[in-house]
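Start counting the sequence shown at 26; every next residue gets the next number (my numbering).
To keep things clear, I will list the structure first and then write my remarks on it.
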Amino acid sequence: MYATATLTSPTPQFRIRTTTLHPQPLSHPFSITFPGIYKTFSPIISFSPHNLYLSNVPPHALRVSASSQASPASTETSKLASIPSQMKAWVYGEYGAVDVLKFESNVSVPEVKDDQVLIKVAAAALNPVDFKRRLGKFKDTDSPLPTVPGYDVAGVVVKVGSQVKEFKVGDEVYGDIHEKALDGPKQFGSLAEYTAVEEKLLALKPKNLDFAQAAAFPLAIETAYEGLERTGFSAGKSILVLNGAGGVGSLVIQLAKQVFGASRVAATASTGKLELLKSLGVDLAIDYTKENFEDLQEKFDVVYDAIGQCDRAVKAIKEGGSVVALTGAVTPPGFRFVVTSNGEALKKLNPYLESGKVKPVIDSKGPFPFSQVVEAFSYIETNRAVGKVVIHPIP
């Protein structure tokens, strides 16, 4: 006779009540399955006549079933635990426009190195570097073709390398899978069912965010954070953010205000995006279609140029101020950097994400389903996206 069970606590300890018409004391043997989790866990079990208590169970295991004999669901668990040798992925075998992107259903699942985990990808996001890489702008330092594109990832760990200590199978994680954006990025990116990533590049997914929201953060927030650190930004300073409604710019605004303690934040955007800027905490929203920011009497300690206008940005800083430029020509004293991704930055920022002080900004046209990656690339290349362009779900 089978006893059904319900999860009554979101914490790592669970209480299960039998719901048969004639409750009987629970006894061995019984089995427990966790649908959607890629591992059969070994919980610590204690029970009273009609209650079963479990510990050592991940908090995201949403459904539990228990029985007084071998459960038929164990067969399904075995299926979930198996990792295929091939997967669905988007691939390009030559550099070029969006039409070089091809959907393939027989791409080899990447091997996991000792310091890596294998992630079952739930969501990914696109960045300008994705299409610039596909166009061949970094081919001298790129990995060999064919390439599975994608930097940002959010998903579930399904396999761990022998040296991995921080993560276990079943953990929900997120990160930028390429430590160096331009110098030897991985051949297998995140626009696939599975991707292999070094442990040091990942962090646990913030508990309050779904996978699509989490995927919107890694590369952009790490870029925003490193850029602010490199300028020496600190509490009490002022900042002007160029392209404040973009993926990086929208996070520079929030980090400057919520994490670094900016005294004043200004940002540029087009007319229809000014309200978004204000909602993110901007004190001065500048409509670039109507006024030139460099003509303002007010000057700033830092200008964060996320659009490629460094020659104008240097005119908007105070004496001794800094300009960080992400793209375009650099005019002194401006400087450029290429982010080095690491999970430590994400871990440091997770409390701000979980508290809601820093929010994901996802373009309203998305999330794009996995079948519409070409459309998502075409859209991000218009430079009109607000925040991040997210791909979700990924089957």
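Every residue gets a Cβ at the ideal spot worked out from N, C-alpha and C, and that includes glycine.
- Counting along the chain, the unbroken beta strand (DSSP E) around Ile-342 starts and ends at 342-350.
- Counted as a single uninterrupted DSSP element, the beta strand (DSSP E) harbouring Ala-221 occupies residues 219-223.
- Within the segment 179-203, the complete beta strand (DSSP E) segments at least 3 residues long are 197-201, listed from N- to C-terminus.
- In the three-state scheme derived from DSSP, where H, G and I count as helix and E and B as strand, Leu-253 is classed as helix.
- In this structure, the alpha-carbon of Leu-151 lies about 18 Å from that of Gly-209.
- The Cβ-Cβ distance between Gly-286 and Ala-260 falls below 8 Å.
- Burial state of Lys-282 is buried, judged by a 10 Å Cβ sphere holding 16 or more other Cβ atoms.
- For Ile-405, the enclosing alpha helix (DSSP H) begins and ends at 398-405.
- The Cβ neighbour count for Ser-133, taken over all protein chains shown within 10 Å, is under 16; the residue is labelled exposed.
- Burial of Glu-223 is indicated by the presence of at least 16 other C-beta atoms within 10 angstroms of its C-beta.
- Boundaries cannot be given for Leu-321, as no beta strand (DSSP E) includes it and DSSP labels it neither H nor E.
- Check the Cα spacing between Val-363 and each of Val-116, Gly-252 and Pro-135: the tightest is with Gly-252.
- Every unbroken stretch of the alpha helix (DSSP H) spanning 4 or more residues and falling wholly within the segment 279-339 is given here in chain order: 299-304 and 335-338.
- With respect to Gly-272, Ala-294 sits apart: the two C-beta atoms are not nearer than 8 Å.
- Here Glu-247 is buried: its Cβ has 16 or more other Cβ atoms, across all protein chains shown, within 10 Å.
- Counting only runs that start and end inside the segment 228-278, the beta strand (DSSP E) elements of at least 3 residues fall at 263-267.
- Pairing Ala-237 with Gly-368 gives a Cβ-Cβ distance that is not under 8 Å.
- With contacts defined by Cβ atoms closer than 8 Å, Phe-325 and Leu-267 do not form a contacting pair.
- In the DSSP annotation of this structure, the continuous segment of the alpha helix (DSSP H) that includes Phe-156 starts and ends at 153-159.
- Three or more pairs of CB atoms, one per stretch, sit closer than 8 Å, so the segment 399-412 contacts the segment 145-159.
- Under the 10 Å beta carbon count, Gln-141 is surrounded by 16 or more other beta carbons and is classified as buried.
- Per the DSSP secondary-structure output, Asp-177 pairs in a beta bridge with Ala-150 and Asp-201.
- Asp-165 and Leu-207 have their C-alpha atoms some 9 Å from each other.
- In this chain, the beta strand (DSSP E) harbouring Lys-127 covers 127-133.
- Shown here, Leu-374 sits in a helix according to DSSP, grouped into three states.
- Around Asp-155, the same chain offers Pro-174 as residues with beta carbons nearer than 6 Å, after the five sequence neighbours per side are excluded.
- In the assembly as shown, Asp-124 is an exposed residue. Its beta-carbon has fewer than 16 other beta-carbons within 10 Å.
- Partner residues in the beta bridge of Phe-360, as assigned by DSSP, are Val-349.
- In the DSSP assignment, no residue is bridged to Phe-395.
- Here Lys-232 is exposed, its C-beta having fewer than 16 other C-beta atoms within 10 Å.
- Rounded to the nearest angstrom, the Cβ distance from Val-327 to Thr-220 is 35 Å, too far for a contact under 8 Å.
- Closest by C-alpha distance to Gly-121, out of Glu-218, Tyr-199, Glu-406 and Ser-396, is Glu-406.
- Non-local beta-carbon contacts of Pro-357 in its own chain, meaning distances under 7 Å to residues more than five positions away in sequence, are absent.
- Nearest C-alpha to Ile-278 among Asp-330, Lys-315, Asp-235 and Asp-320: Asp-330.
- When the beta-carbon positions are compared, Val-178 and Ala-240 come within less than 8 Å of each other.
- When DSSP states are grouped into helix, strand and coil, Val-142 belongs to the strand group.
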